[in-house]
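In the UniProt record's numbering, the protein residues as written are 1 to 333.
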Amino acid sequence: MKMGRSRHCSEDERFLIKKLIKEGKTYKEVQKIIGCSAKMISNALKWEQKTEKRGRKRKTTPRMDRRIAKLAKTQPMMGSKRIKQDLQLTVSTVTIRRRLTEVNLPARSPRKVPLLRKRHVQKRLQFAKEHIDWPEKKWHNILWTDESKIVLFGSKGHRQYVRRPANTEFKPQYSLKTIKHGGASIMIWGCFSYYGVGPIHRIQGIMDQFQYIRILEEVMLPYAEEEMPLRWTFQQDNDPKHTSKRAKAWFQMNKIQLMEWPAQSPDLNPIENLWADIKSAVHEAKPRNAEELWNTVQLSWAAIPVERCQKLVDSMHHRCVAVIGNRGFATKY
C-alpha cells in the first residue's frame with residue numbers, strides 16, 4: 001500500500017503507523033510496508049488531538065491578567081471600578097472581577113477587628129509569649145469576665161443571606177425585618193471558668209465604676225469564693241471603669257490577684273465565644289421586648305454545658321500560638 005510522501009497523514013494512516021511501531025517494527029520497515037517518509041512516521045507518533053475551543057475570544061491578555069491580580073494584591077480594598085480606572089482598562093468591571101476570581105481573589109466581606117496600634121501589638125505578643133507554655137491546669141484557675149450589649153433585633157452576630165428569585169427583594173418572605181435603633185437592648189455582665197458558667201447580671205442604667213464595684217462585691221465575689229479553686233485569678237479587660245482607682249483599691253482590699261491583660265484583645269478572651277452563643281440563641285428565640293430578651297439570655301446562659309466552657313479555656317494555648325503566628329495582629333478567635 002503506497003501513500004503520499006507528505007509530512008502529515010490521515011487518521012487511518014496514523015492508526016496503521018502506530019500499530020506497526022507497537023508491534024516492534026522499525027522506521028525503515030514501516031516505510032517499506034506503507035511507503036511513507038520517516039517524517040510522516042514521526043509526526044504520526046507525536047500527534048495529539050487538540051481540544052476544541054468554544055466560546056468567545058478572551059478579552060484580556062495574560063499580561064493584563066497579571067496586572068489586575070498584582071494591583072488587587074497590593075491594594076486589597078480596591079474595587080473593580082477603581083482597578084479599571086487605575087490600569088486604564090477597556091474591559092468591563094464584571095470581566096475584572098471574573099479575572100480576580102480565577103486567581104482566587106473574589107470579593108469578600110472584610111472581618112471587623114479592633115484597631116491595633118503598635119503598642120497594642122507589642123503587648124499582645126508579650127502576653128502570648130509569656131503564656132504560651134502555661135500548663136492547662138493553670139488556665140483552669142482563671143475567672144473570665146466581660147460585659148456585652150444584647151440587642152432585640154439583629155443579634156445573630158453575622159451577615160444573613162436569602163435565596164430568592166430575581167426582582168422579589170421586597171416581598172415579605174424575602175426581607176429582613178428591622179426596628180429603628182435596633183429595638184430594645186440590655187447590657188449584661190457575666191463570668192465563667194473551666195468549671196462552668198458563673199452568674200450573669202443585668203446592668204441597669206449606665207455602667208460606671210460604682211456599679212462595677214457593686215457587681216464585684218455582690219455578684220462575682222460570693223460566686224468565686226464558693227466555686228473557684230482556693231488560688232484563683234481574675235481576668236478583665238482594660239475598660240476605664242475596670243482600672244479606676246476605686247476598682248484597684250477594691251481588688252487590693254479583697255486580695256484578689258489580677259491577670260495583666262493586653263488592650264484590644266477580645267480574640268484572647270474566650271468569653272466572647274459565649275456571647276456569640278447567647279446572641280445566636282436570642283436570634284432563634286425572637287423575643288418581643290426587653291423582659292423576654294432578658295429571660296432568653298438567662299435561659300441560654302444557664303444552658304451552656306460545662307464541656308463548652310472547658311473546650312474554650314483549653315483553647316488558650318492555641319490562641320497564644322495564633323497571636324504569635326500573626327505577629328501580634330488579630331486572629332480568627
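We put the beta carbon where it would ideally sit given N, CA and C, even for glycine.
- Would you check if the distance between the CB atom of ALA72 and the CB atom of MET64 is smaller than 8 Å? By one-based count along the sequence shown, residue 72 stands at place 72. By one-based count along the sequence shown, residue 64 stands at place 64. The answer is no: Cβ separation not under 8 Å.
- Of the choices VAL30, ARG111, PRO262, whose alpha-carbon is the least far from that of LYS118? Locating residue 118 in the sequence shown gives position 118, where the first residue counts as 1. When VAL30, ARG111, PRO262 are compared, the shortest CA-CA separation from LYS118 is found for PRO262.
- In chain order, which beta strand (DSSP E) runs of at least 3 residues are fully inside the segment 205-288? Within the segment 205-288, the complete beta strand (DSSP E) segments at least 3 residues long are 233-235, listed from N- to C-terminus.
- If you draw a straight line from the C-alpha of SER155 to the C-alpha of ILE304, how long is it? Against the sequence shown, residue 155 aligns to sequence position 155. Against the sequence shown, residue 304 aligns to sequence position 304. Summary for SER155: the model assigns pLDDT 46, below 50, so the residue's position carries little reliability, and this model does not support an answer.
- When DSSP builds the beta bridges, which residues end up paired with LEU143? Here residue 143 refers to the residue found at position 143 when the sequence shown is read from its first residue. As a beta-bridge residue in DSSP terms, LEU143 pairs with PHE234.
- Item | Cβ neighbours of HIS242 in the same chain (closer than 8 Å, five flanking residues each side left out) | Counting from 1 along the sequence shown, the entry for residue 242 is found at position 242. These residues qualify, in order along the chain: TYR212, GLN236.
- Cβ-based neighbour list, ARG319, same chain, cut-off 6 Å, excluding 5 preceding and 5 following: On the sequence shown, residue 319 is found 319 positions in, with the first residue counted as 1. Answer for ARG319: LEU268, TYR333, listed in chain order.
- Task: Answer yes or no: do ILE96 and SER109 have a C-beta to C-beta separation smaller than 8 Å?
- Result: The sequence position of residue 96 within the sequence shown is 96, counting from 1. The sequence position of residue 109 within the sequence shown is 109, counting from 1. Inclusion of ILE96 and SER109 in the CB contact set at 8 Å is not warranted, their separation being larger than that value.
- Would the beta-carbon of LEU116 fall within 8 Å of that of GLN264? Against the sequence shown, residue 116 aligns to sequence position 116. Against the sequence shown, residue 264 aligns to sequence position 264. The Cβ atoms of LEU116 and GLN264 lie closer than 8 Å to each other.
- In three-state terms, what does DSSP make of MET187? Numbered from 1 along the sequence shown, position 187 holds the residue referred to as residue 187. In the structure shown, MET187 sits in a strand (DSSP, three-state: E or B).
- Query: By the 10 Å Cβ neighbour count, where 16 or more other Cβ atoms means buried, how is ARG111 classified, buried or exposed?
  - Reply: Here residue 111 refers to the residue found at position 111 of the sequence shown. The residue is exposed, with fewer than 16 neighbouring Cβ atoms inside 10 Å.
- Task: Could you tell me how far apart the beta carbons of GLY198 and TYR223 are, in whole angstroms, since I believe they sit closer than 8 Å?
- Result: For the purposes of this step, residue 198 is taken as the residue at position 198 of the sequence shown. For the purposes of this step, residue 223 is taken as the residue at position 223 of the sequence shown. Sure, about 5 Å apart at Cβ, within 8 Å.
- Own chain partners of LYS123 with C-beta closer than 7 Å, once the 5 adjacent residues on each side are dropped: Against the sequence shown, residue 123 aligns to sequence position 123. Cβ neighbours of LYS123 beyond the five flanking positions: PRO262, ALA263.
- Query: Should ALA107 go down as buried or exposed, given a rule of 16 or more other Cβ atoms within 10 Å for buried?
  - Reply: The count along the sequence shown starts at 1 and reaches residue 107 at position 107. With fewer than 16 neighbouring CB atoms inside 10 Å of its own CB, ALA107 falls in the exposed class.
- Task: Would you mind working out which of ILE188, TRP250, GLY196, GLU272 sits nearest GLU210, comparing C-alpha positions?
- Result: As a working mapping, residue 210 is identified with position 210 in the sequence shown. Here the sequence assigns Phe to residue 210, which means Glu is not the residue at that position. Across the set ILE188, TRP250, GLY196, GLU272, the C-alpha of TRP250 shows the shortest separation from the C-alpha of PHE210.
- Nearest to ALA290 by CA position, among ALA184, LYS18, THR168, is which residue? In the sequence shown, the residue the question calls residue 290 occupies position 290. Measuring C-alpha to C-alpha distances from ALA290 to each of ALA184, LYS18, THR168 identifies ALA184 as the nearest.
- Task: Using only alpha-carbon positions, find the residue among LYS70, LEU45, ALA38, TRP275 that is nearest to ILE186.
- Result: For the purposes of this step, residue 186 is identified with residue 186 of the sequence shown, where counting begins at 1. Distance check between ILE186 and each of LYS70, LEU45, ALA38, TRP275 places TRP275 closest, using alpha-carbon atoms only.
- Which residue or residues does DSSP assign as beta-bridge partners of HIS201? Here residue 201 corresponds to residue number 201 of the sequence shown, with the count starting at 1. HIS201 is bridged by DSSP to TRP189.
- Item | Proximity winner among GLY325, ASP133, ILE278, relative to VAL297 (alpha-carbon distances) | Stepping through the sequence shown from its first residue, residue 297 is reached at position 297. The option with the nearest alpha carbon to VAL297 is ILE278.
- Task: Can you check DSSP and say which residues form a bridge with VAL151?
- Result: On the sequence shown, position 151 is the one that residue 151 refers to. Answer is SER185.
- Query: Rounded to a whole number of angstroms, what is the C-alpha to C-alpha distance between PHE15 and GLU102?
  - Reply: The sequence position of residue 15 within the sequence shown is 15, counting from 1. The sequence position of residue 102 within the sequence shown is 102, counting from 1. Taking the straight line from one Cα to the other gives about 39 Å.
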